[in-house]
Structures are given as structure tokens and as C-alpha cells.
Amino acid sequence: MFQQLRPNPTVYQLARKYHLDVSMFERAVNNGIQLKRLRIQHRMHPSISSLVTPHIYPDLIDHDSVWSYPPISGMTGNLFFLTHAYAEAEVSSSHLFPMESDLRSRKNYFEAEFILALCQRLLRQGCYSPHDITILATYSGQHFVFQELLQEAQYEDCKEVPCSVVDSYQGEENKIILLSLVRSNEAAKIGFLKIKNRVCVALSRAKWGLYMVGNMDSLRNGSTIWKKIEKVLKKQKAIGPELELQCPVHKQHIMKASHPSHFPVGGGCNMPCGEKMPCGHPCLIPCHSFDREHVILQCMVTTLKKMACGHSKEMACHLDPAGEKCKTRCPTRLKCGHKCGRKCHVSDDPYHIERFCEKACKRLCKDGHKCTEKCGIICPPCMEIIDRVLPCGHSEKLRCYMDVDDYVCMQKCSRTLPCGHPCRLKCSEACGECRYFVEKIILDCGHKIHAECSSLPSEGACTESCKRKLPCGHTCKNLCGDVCTIDCQVLVPYRGDIQSACDHKPKVPCCNSEAKMDPEELMDFCDARCSMVLPGCKHACKGKCGKCLGGRLHQECSEPCGRPLLCGHALELCAWQCQKNCPRKLKCTKMCLEMCDREPCNQPCPKKIKKCKHPCIGICGEPCPPICRICNPEELAEIQICRNETDQDPRFVYLPDCGHCIEVEEMDQYMKMEMEEIEMKKCPRCGKVIWSSVRYGNIIRQLYQDIAAVKEKVFGDLWQYKDDFLKSFQDLVQLSESDHLQTEFQALQTSAKSKVEQIEKFRNVSDAPIMINQFELVLFENQKKVLRKLDAAVQGHGDAIQARLVRRAKTIADRALSRTRGWNDWELKALAGEVARLQLFGLYWKLQKETANHEATEHIRKAEAPLLSLETFTDAMNEAVRRELDAASRICGESDISNHERIMILQVEIGWDLRLRYELSLQAMHLGQGLWYKCPNGHIYANWERIEAMQESKCNECDKDRRLGNG
6 MFQQLRPNPT VYQLARKYHL DVSMFERAVN NGIQLKRLRI QHRMHPSISS
56 LVTPHIYPDL IDHDSVWSYP PISGMTGNLF FLTHAYAEAE VSSSHLFPME
106 SDLRSRKNYF EAEFILALCQ RLLRQGCYSP HDITILATYS GQHFVFQELL
156 QEAQYEDCKE VPCSVVDSYQ GEENKIILLS LVRSNEAAKI GFLKIKNRVC
206 VALSRAKWGL YMVGNMDSLR NGSTIWKKIE KVLKKQKAIG PELELQCPVH
256 KQHIMKASHP SHFPVGGGCN MPCGEKMPCG HPCLIPCHSF DREHVILQCM
306 VTTLKKMACG HSKEMACHLD PAGEKCKTRC PTRLKCGHKC GRKCHVSDDP
356 YHIERFCEKA CKRLCKDGHK CTEKCGIICP PCMEIIDRVL PCGHSEKLRC
406 YMDVDDYVCM QKCSRTLPCG HPCRLKCSEA CGECRYFVEK IILDCGHKIH
456 AECSSLPSEG ACTESCKRKL PCGHTCKNLC GDVCTIDCQV LVPYRGDIQS
506 ACDHKPKVPC CNSEAKMDPE ELMDFCDARC SMVLPGCKHA CKGKCGKCLG
556 GRLHQECSEP CGRPLLCGHA LELCAWQCQK NCPRKLKCTK MCLEMCDREP
606 CNQPCPKKIK KCKHPCIGIC GEPCPPICRI CNPEELAEIQ ICRNETDQDP
656 RFVYLPDCGH CIEVEEMDQY MKMEMEEIEM KKCPRCGKVI WSSVRYGNII
706 RQLYQDIAAV KEKVFGDLWQ YKDDFLKSFQ DLVQLSESDH LQTEFQALQT
756 SAKSKVEQIE KFRNVSDAPI MINQFELVLF ENQKKVLRKL DAAVQGHGDA
806 IQARLVRRAK TIADRALSRT RGWNDWELKA LAGEVARLQL FGLYWKLQKE
856 TANHEATEHI RKAEAPLLSL ETFTDAMNEA VRRELDAASR ICGESDISNH
906 ERIMILQVEI GWDLRLRYEL SLQAMHLGQG LWYKCPNGHI YANWERIEAM
956 QESKCNECDK DRRLGNG
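Counting from 6, one number per residue, gives the positions in the sequence shown under my numbering.
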């Protein structure tokens with residue numbers, strides 16, 4: 006057994022370093038253990054066994070049974086070695102065959118084609134089945150060539166013949182073995198064919214016949230074992246450049262084959278068969294050893310046979326005329342005079358009753374146009390387009406079959422109206438009133454307008470500017486056709502003796518230029534730029550002084566933030582773009598923190614490495630890797646994840662977080678791969694989290710958004726927020742019936758309605774997206790409360806005071822509803838203060854108008870200073886004004902107007918919302934301090950405290966325990 010093939014370890018280095026390819030039996034023999042070997046062989050023909058005796062088995066004896074093996078049909082001997090000089094080739098994909106000893110494989114197309122041709126000859130002898138023959142190859146590359154050739158049609162007979170490599174055929178045998186030795190080169194390198202064990206297995210598999218193809222010169226010069234085998238072959242005259250073939254029919258005819266094309270196709274010789282077939286004709290194919298009785302083979306002699314239709318046709322002898330179609334043309338003439346033209350159809354409408362003539366019709370229409378249908382079809386209406394003159398005199402292109410009297414003329418009318426203008430209707434329509442627009446003079450005002458020719462314009466239709474003068478001397482701003490206004494709205498400097506609360510000199514409508522106004526009312530008309538520095542962002546306010554209430558309630562800042570982000574940039578345009586000389590010229594147009602709209606460029610980076618001036622190995626638009634393909638080849642080879650040998654110039658992407666370089670193709674596939682768990686992507690080499698990468702910026706931003714969406718779950722029951730939002734929305738619908746702020750209530754209702762529709766749409770969906778969070782709920786509640794308090798503040802006053810309060814309330818409501826984000830602390834304080842100030846203004850204006858008492862007037866004057874102040878209305882100011890106004894109202898005999906309770910309720914509610922927003926902000930800021938986990942049911946939850954290793958935590962949704970480890 007130790008002279009057979011050695012074991013083949015899966016890991017090649019174990020065989021080379023630790024000799025794990027040596028069997029236990031061989032180790033015992035090598036250490037001198039006594040053994041006995043069987044000497045009599047019962048497998049091989051004596052001519053074949055002589056190849057391994059005495060070179061491998063010195064005392065092997067043939068059993069009597071092997072002397073009775075039959076000769077191989079179609080061959081002159083049971084053993085032959087065809088030697089040739091066709092060179093071998095190396096298999097390019099050597100990594101496909103890791104079991105080869107030199108990690109490379111070989112192939113020889115000549116040997117493969119010659120052996121398959123020989124195999125076809127043996128199969129066509131008629132006495133061998135595909136399972137009696139085995140094709141052996143000494144290399145996996147050659148085995149692959151055999152499998153490839155067996156797919157071709159010319160080797161159809163050999164597809165069921167077993168094909169194997171020598172290493173896999175140990176312990177097997179077959180009647181006939183066809184062996185391809187593959188190796189053929191001038192350097193006499195024969196690889197493992199010099200190993201006696203493999204030679205022994207290759208030569209000892211055949212029982213009846215062994216036929217080998219190889220380069221004996223290379224084998225003889227590469228190993229001494231093959232020199233001995235060559236001597237045995239020469240002694241038996243079983244080696245040479247040509248293989249002798251014997252015709253099994255004509256025994257005296259010997260042929261020689263040195264090329265696959267030399268094998269006779271019939272398995273015999275090149276002489277014609279000539280045997281009579283059952284039909285009496287001689288066999289015309291070349292000599293064949295199979296089917297000598299001509300049971301399967303068909304007679305190919307051409308004979309004249311009569312078909313069922315009565316016509317005669319030449320065809321092969323074996324064909325049945327009943328199954329053939331007659332191709333003789335039918336000579337019958339049809340009723341129309343044309344010949345039938347069809348092929349013989351005695352069984353298909355032989356009397357030409359069902360089918361019609363398919364020749365082109367030659368009949369003409371009344372205007373001489375040819376019919377476009379077949380001769381046997383009734384002629385359809387003529388579709389030719391011709392010029393016809395209509396009864397109205399117009400010419401029109403009509404179909405030949407159309408009657409001009411029935412056609413409706415669609416051309417423009419050519420008649421002239423009484424006014425002299427041409428008619429603009431169609432010719433077939435009755436002329437009506439003139440619709441031409443002409444310049445006409447309005448008799449009442451003398452202005453000119455463009456009107457229809459048939460119309461009589463009045464002063465009400467005049468669209469010119471009114472030229473009439475108002476009592477104040479200004480020109481009326483309405484249209485000439487409208488009634489002139491009573492109140493002139495031209496802005497003029499205020500001519501009264503009241504100073505605006507903002508100290509500006511605003512322009513007021515002319516009708517109010519001399520009216521008595523208080524400083525607050527006068528400030529509402531101020532359109533000077535506010536320009537005050539906002540407390541939060543330190544930008545100058547761009548609102549108008551009157552709209553900002555003198556700087557007490559600013560509009561939302563629209564300036565770019567400019568503060569550094571977590572990425573280290575300010576809020577600026579993304580700088581990700583291709584190099585100047587890149588042909589693609591890609592560039593991102595988004596802001597730095599937004600999703601890039603520039604697709605990754607795969608063009609090579611045109612830059613040079615600064616140190617060595619060699620070409621960069623990176624990609625256009627990405628950070629250059631610090632490794633050089635020329636200076637650092639070994640380091641570059643180590644960082645490749647899966648080398649693609651067809652890519653001679655692989656490109657790499659540089660990860661700045663860990664400093665590693667990864668092949669672009671592999672990194673692209675990794676980054677696009679979907680993960681079951683929500684977590685940041687990590688470097689494939691070191692496992693460090695990838696926080697920043699230009700090429701994969703969109704993927705990283707999307708992961709940030711996914712994690713942020715998961716973190717929103719910790720704010721509580723999201724459906725509870727949705728239910729609270731729906732309940733709050735229903736309250737808003739009831740409040741929107743206000744007479745004074747109806748427009749503002751409807752605007753808030755419209756903005757919230759789209760959110761309500763989304764909530765209702767996904768109410769019964771288990772994995773519904775997050776459509777409302779607590780920040781949005783708080784913002785909506787604050788906006789609703791502000792409108793409710795403003796609506797309450799304008800109630801219960803006379804018309805004049807109420808009009809002033811409504812105007813101021815609309816300004817505050819506009820500030821509250823125009824928010825695109827939540828309020829910060831100082832904005833909430835300012836808003837709450839202005840709502841409280843508005844409630845006090847109603848009482849202040851009422852007392853100011855009706856009070857003549859000196860002591861009461863003194864209290865009103867003390868309340869006026871903080872009430873008209875341009876500073877934020879604080880709790881202390883609120884308490885002071887309330888105290889002075891309450892004192893003035895008691896002096897005037899009024900009942901104690903307890904606005905104190907309403908004011909404090911408003912402040913407490915708004916203050917509670919402010920504290921809630923502050924707590925939620927802190928909670929959001931500390932989300933990253935906990936540890937995130939995923940329970941067995943897929944729920945995501947977090948532990949807010951730092952927990953020790955091996956401590957247990959529970960999922961809040963399914964109450965599953967999970968033991969936490971160190972990571």
C-alpha cells in the first residue's frame with residue numbers, strides 16, 4: 006500500500022513542514038516493521054503488468070486468468086504509448102486547483118482531442134459501452150479541458166464516459182484506460198510524474214487495454230522510472246509517433262493515426278461499406294463495425310417515389326412519401342383568372358371554395374385609383390386623398406369616397422361683418438357679433454380702454470388709475486371705475502404731539518396724521534429697520550420696528566448659523582467635487598450637513614504623492630492614501646481584502662478614522678451591505694467605527710438618522726403623543742370660531758391638518774413611521790395657548806379699544822405662527838411677556854380714556870413707564886403694572902378687575918412649557934451616555950445609567966432578560 010498515492014492534507018503547509026502526507030503504514034515500513042506483500046495480480050493484461058514489473062513491483066506474478074483477456078477491437082494491440090511533441094500550457098486560473106503540489110496546473114489540448122477521438126472509435130466498435138472505458142488525466146487542468154470538450158456536439162458519443170484525475174482514481178479499475186500524461190516541454194520538467202507512487206497508480210488501472218498519450222522525450226529526461234518503462238514499451242513495439250488501427254471488418258487493412266483527424270468516422274476503415282441493406286440498396290457510408298445488419302442505419306440512396314397527391318418526388322430511400330409534403334405548384338386558374346399559386350393542396354380546399362385569391366386586386370375606383378386589397382376581397386372605399394372644391398368655394402383635401410355635399414367646411418369664414426371687420430368664426434357657422442378688440446373711449450370719464458367691437462363700455466369697466474383728488478389733496482389710489490375712498494391711506498409724517506414708543510418718527514396713513522394716538526399705537530406704523538442684536542445668535546434683527554414691537558418681540562432670525570458643527574465645519578456648501586482635469590466634473594450642490602447629490606467618482610486620482618512623486622492609488626475627489634504602489638508593494642499587497650488578478654491597477658479608499666486603506670470595489674460592496682442591527686459601519690481591518698468618509702458620507706449620514714430615529718423611542722409612548730396631538734387638534738377646531746383671530750386660528754389648523762392625516766393613515770400599521778415627537782407637540786400646544794390667550798385678551802372692550810387690541814394681537818400671533826422651529830428661552834419669555842402686556846393694555850387704555858381723577862391718573866402714569874417700555878416684560882414689571890392699574894380702578898369706583906389670576910395662569914402655563922422643553926433638551930443631549938441593546942424579539946431599548954459587566958437588564962416591551970457583557 007505504501008507504493009500507492011500518499012494522503013492529501015487539506016492544508017498544503019502541513020504536508021510540507023510536518024509530513025502529514027505520510028500514512029501510518031508507510032511510517033511503519035520506513036521504521037523497519039516486518040511486512041509481507043501479495044505477489045499475484047488478477048487485474049492487468051500481461052502486456053500492461055510488465056510496465057510496473059520489476060521497476061515498481063520486483064516479483065509481481067500474473068494470474069492465469071489475465072492471459073485469457075480478449076484483444077481490443079479496432080486496435081492492433083492491448084497496449085500503446087503515442088509519443089508527440091505538442092507543448093503543454095499552463096492553466097491561467099491556478100487558484101482554482103489548490104490541491105496541486107506546485108499550486109499550478111497544466112493542460113494539453115492535443116492530447117485531449119486525440120484521446121476523445123480514440124474513445125469515439127472504441128465506442129463505435131459496437132462491443133464496448135461508455136462504462137467500459139475511463140479517461141484519466143494527470144493534472145486537474147487537463148481534466149477541466151476534457152469537461153470543456155465533452156460539451157461540444159462532435160463528442161456526443163463520449164459524454165457518458167467517466168473522466169477523472171489520477172489522484173481521485175486510486176483503488177479503481179476499468180477494462181480500457183485512456184491516459185493523458187500532459188507534460189511536454191523542452192526543459193524536461195515533468196512535475197509529480199517523476200514520483201513513483203503516481204506512476205504506479207496511473208499505469209495499473211487498466212484490465213484489458215491501456216493507451217497512453219504523452220511526450221516520452223520529456224518523461225525520459227525528467228525521471229529514471231520512465232527510461233525503464235520506455236525500454237519495456239520498445240520491447241513490445243508498443244510506442245511510437247503513430248497509433249496503429251485495425252479495421253474489425255477488413256482485418257488486413259491497417260491504418261496509422263498521429264492526429265485526431267486520422268481516425269475513420271465509422272470506427273472501421275476508410276473503405277465504403279458496400280453491404281446490401283434491407284431495401285436492397287448498397288450501404289453508402291464508410292466501413293463501420295457497428296450495426297453490421299443495418300437495422301439502425303438508414304438508406305440514403307435517392308429514389309423517385311409517388312406521393313398521395315399523385316405527384317412524384319425524389320427523396321431518400323428510407324423516407325415514407327406519405328409523411329412528406331408535396332411542393333408542386335397548383336396549376337388551377339381561379340374565377341378571377343389568376344393561377345392558384347399555392348403548393349399542392351389536395352387535402353386542403355382542393356376545389357378552391359373556401360380560400361380567396363391572394364393576388365393584388367386590379368380593379369379601379371370611379372376616379373381611376375387602384376384597389377389596395379387582395380383580389381378575392383370586396384373592394385373597400387377608396388382612401389386616396391385628393392383635392393375637392395366645396396359648395397362654399399373653398400378647396401379641401403378629402404378621401405376619394407367622401408361626398409363634398411356632406412362635408413362640413415372647417416376653414417376660416419371669409420365674409421365681412423357690418424362693422425367692416427372679417428368674421429372670426431368657421432365657414433360653416435353663422436356670423437355673429439364682432440369679437441375684435443378695439444380702442445374705445447368711455448363717455449363718462451374720457452379714458453380709453455380695449456373692448457369688443459360690438460360692446461358699449463361704461464365707467465365701471467375703466468381700469469385706469471383714478472385722477473380725482475381727495476379732500477386732503479392726495480390723489481385717489483383706487484381705480485377709475487371704483488368708488489373713491491373716504492380714508493386716505495397715503496403715508497405721511499405724523500403731525501400730532503405724541504412721540505412714538507420707539508422714538509422713531511413713523512409715517513402714518515393721511516387720515517390718521519393728526520389723530521390722537523398713544524405711543525404704542527403710533528409705534529405699530531413704524532417701518533424703520535429694527536437692527537437690534539438678537540440675544541441668542543447675536544445677529545442684527547431684519548424685521549421692521551413696528552412688527553417687532555420696538556424690539557420686544559423679534560421675528561425669527563434668517564441668517565446662517567455659522568457656528569461650528571460636530572464635523573468641525575461651519576454651515577457652508579459641501580466642497581466634495583472632482584479634480585480639475587477629471588472628465589466627469591462632478592460637484593455637490595448641497596450644504597455640508599445635507600445628503601450629497603454628487604455620485605461617487607470612480608476615475609483614478611490624477612495627483613502625485615508628495616514624498617516620491619509617484620501616481621496616487623486613490624480615487625478622484627477622495628483623500629489620497631499614504632501608500633505608494635511602487636515604493637510599498639509588500640504593504641499594499643497585505644491590505645488587499647481579495648485580490649482580483651485581472652485588475653492590474655486596483656484603487657484604494659483611505660479611512661481617516663483609523664488610517665487604513667481598503668480596495669474601492671470591496672469597500673463599496675461592504676458599505677452598501679444591509680445590516681440587521683442598527684449600528685455604525687466599522688473598518689473591515691481593525692473594527693474601528695467609521696465616523697467620517699467623503700465617499701461614503703451619505704451612508705454615514707443615513708446611519709446617523711436611523712440611530713436618531715431609534716433614540717426618539719426613549720421619549721415615551723409615541724402613540725400617546727399622537728393621541729395627545731389629535732385631542733389638542735380637536736380643541737383647536739372648537740376655538741377656531743373666534744370673531745377676531747379667525748384667520749390665525751385657521752392658519753394653525755391648516756398646518757396641523759396634514760400631520761393629523763398622516764397619523765390617521767398609519768394608525769393601524771404596526772411599524773408606522775414616527776410622525777410626531779414631543780418637541781412638535783409642545784410647539785403646537787404653545788401656539789394654540791398663545792392664540793387662546795390673545796383671543797381672550799381682546800374680549801370685553803369697546804370697539805375702538807378692541808380694534809387696537811386686535812391689531813396688536815394679530816402682530817403677536819403672526820410672530821407665534823411663523824416659527825419654523827421651537828422657541829429658545831428668551832424668545833418664550835418675550836412671547837409670554839407680550840401676551841401679558843396685551844391683557845394689561847386693554848385696562849390701561851380704558852382707564853386712560855375714562856379717568857379724570859388726579860390720584861388715579863398718577864397711578865396710571867406709574868404703570869405707563871413699564872407698560873410702554875421696550876424691554877422684555879418681566880414678572881416684576883407685570884406685578885408693578887397690575888398693582889398700579891388695580892389701584893387706579895379702585896379709586897375710580899370700578900369693581901376690582903381681577904386680571905391677576907388670568908395673567909398668572911398664563912405665565913404659569915407658558916413657564917411649565919418652557920421647563921418641559923428645557924428638560925427634554927437635556928435628555929436629548931445625554932442620550933449618548935447610555936448603552937443600547939436589542940432583545941431576542943427585536944425590540945431596541947437603552948439603559949440610561951452606566952452599568953457594570955454581567956449585570957442584567959430588561960426590555961421594556963417584552964420584559965425579556967438579557968445578561969450584559971463587557972461589550
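Beta carbons are placed, not taken as given, at the ideal position from N, Cα and C, and that holds for glycine.
Source: prediction; values computed, not measured.
- Distances from the CA of residue 547 to each of 348, 695, 564, 30 were compared; the closest alpha carbon is that of 564.
- Note that the C-beta distance between residue 109 and residue 147 is not below 8 Å.
- Looking only at 793, 711, 79, the smallest Cα-Cα distance to residue 746 is reached by 793.
- For residue 184, the enclosing beta strand (DSSP E) begins and ends at 179-185.
- Around the C-beta of residue 390, fewer than 16 other C-beta atoms lie within 10 Å, and the residue is accordingly described as exposed.
- Per the Cβ contact rule, the region 240-251 is in contact with the region 81-94 (3 or more Cβ pairs under 8 Å).
- In the structure shown, residue 530 falls within a coil segment according to DSSP collapsed to helix, strand and coil.
- Rounded to whole angstroms, residue 411 and residue 404 show a C-alpha spacing of 13 Å.
- Here DSSP, grouped into helix, strand and coil, assigns residue 139 to strand.
- Taking a cut-off of 8 Å on C-beta distances, the region 40-52 touches the region 207-215, as three or more cross pairs fall below it.
- Counting of Cβ neighbours within 10 angstroms places residue 176 among the exposed residues, the total staying below 16.
- The C-beta of residue 831 has fewer than 16 other C-beta atoms within 10 Å across all chains shown, which makes the residue exposed.
- For residue 405, no alpha helix (DSSP H) segment is defined, and its DSSP state is neither H nor E.
- Taking residue 440 as reference, the option from 553, 459, 450, 852 with the minimal CA-CA separation is 459.
- Sixteen is the threshold: since fewer than 16 other Cβ atoms of the shown chains lie within 10 Å of the Cβ of residue 21, the residue is exposed.
- In the three-state scheme derived from DSSP, where H, G and I count as helix and E and B as strand, residue 295 is classed as coil.
- Residue 704 carries a helical assignment under DSSP once its states are collapsed to helix, strand and coil.
- Annotated as distal: residue 505 and residue 539, with beta-carbon spacing of 8 Å or more.
- Between residue 379 and residue 359, the C-beta gap is not smaller than 8 Å, which leaves the two residues out of contact.
- Per DSSP, residue 443 is one residue of the beta strand (DSSP E) stretching across 442-446.
- In this structure, the alpha-carbon of residue 559 lies about 8 Å from that of residue 552.
- Boundaries of the alpha helix (DSSP H) around residue 805: 804-822.
- Under the three-state reduction of DSSP, residue 676 is assigned to helix.
- Using a C-beta cut-off of 8 Å, the region 857-866 makes no contact with the region 807-822, since fewer than three inter-stretch Cβ pairs fall below that distance.
- Within the model, the alpha-carbon separation for residue 141 versus residue 280 is close to 37 Å.
- For residue 392, there is no enclosing alpha helix (DSSP H); the enclosing beta strand (DSSP E) has its first and last residue at 390-394.
- For residue 517, the three-state secondary structure derived from DSSP is helix.
- Note on the region 164-226: whole beta strand (DSSP E) runs with a minimum of 3 residues are 168-170, 179-185, 211-219, in chain order.
- In the DSSP secondary-structure assignment, residue 455 is bridged to 444.
- Annotated as distal: residue 292 and residue 302, with beta-carbon spacing of 8 Å or more.
- The three-state reading of DSSP puts residue 789 in helix, counting H, G and I together.
- Assignment of residue 498 by DSSP, reduced to helix, strand and coil, places it in the strand class.
- DSSP places residue 537 outside any beta strand (DSSP E), giving it a letter other than H or E.
- If you draw a straight line from the Cα of residue 589 to the Cα of residue 657, it is about 19 Å long.
- The C-beta of residue 223 has 16 or more other C-beta atoms within 10 Å across all chains shown, which makes the residue buried.
- Residue 338 is bridged by DSSP to 344.
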